[in-house]
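Using this note's numbering, you'd call the opening residue of the sequence shown number 257 and step up by one each time. Glycine is no exception: its CB is placed at the ideal position from the N, C-alpha and C atoms. Fair warning: this is a prediction, and the values are worked out from it, not measured in the lab. Input: a single structure, listed below in structure tokens.
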Amino acid sequence: MVDLEKFKFHARIDDDFEDSYIQLLLDAAINYVSKITGVPNDENAPPEYDLAIMILALHWYTNREVLSDRGTNQVPYGLGMLIANLRTNWTI
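Written out as structure tokens, the structure is:
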């Protein structure tokens with residue numbers, strides 16, 4: 257399961273300045289990935305589930321604005337592959 261410390265290690269964030277914001281992103285990513293894949297957020301979730309959450313939360317963290325002068329910030333390609341795999345292969 258992804259927690260704040262695990263995510264901060266993944267994102268290479270050393271300070272505690274934005275912990276409440278990061279936790280909001282994690283909660284939203286967990287909710288999104290769980291709903292779209294049907295995988296429950298528990299200790300039985302496969303490693304791909306945690307990775308999908310971390311990729312999505314990091315994408316949201318680094319691309320905070322919906323619109324930017326750099327154009328559209330698309331979700332990383334690997335996230336789509338992880339979610340497709342979880343949706344296809346998850347069995348309860």
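With a contact defined as Cβ atoms closer than 8 angstroms, F263 and L282 qualify at about 6 angstroms.
I309 sits in a helix when the DSSP states are folded into three classes. CA-to-CA, the gap between A284 and P296 works out to about 14 angstroms. Around the beta-carbon of V258, 16 or more other beta-carbon atoms lie within 10 Å, marking it buried.
R268 sits in coil when the DSSP states are folded into three classes, being neither helix nor strand.
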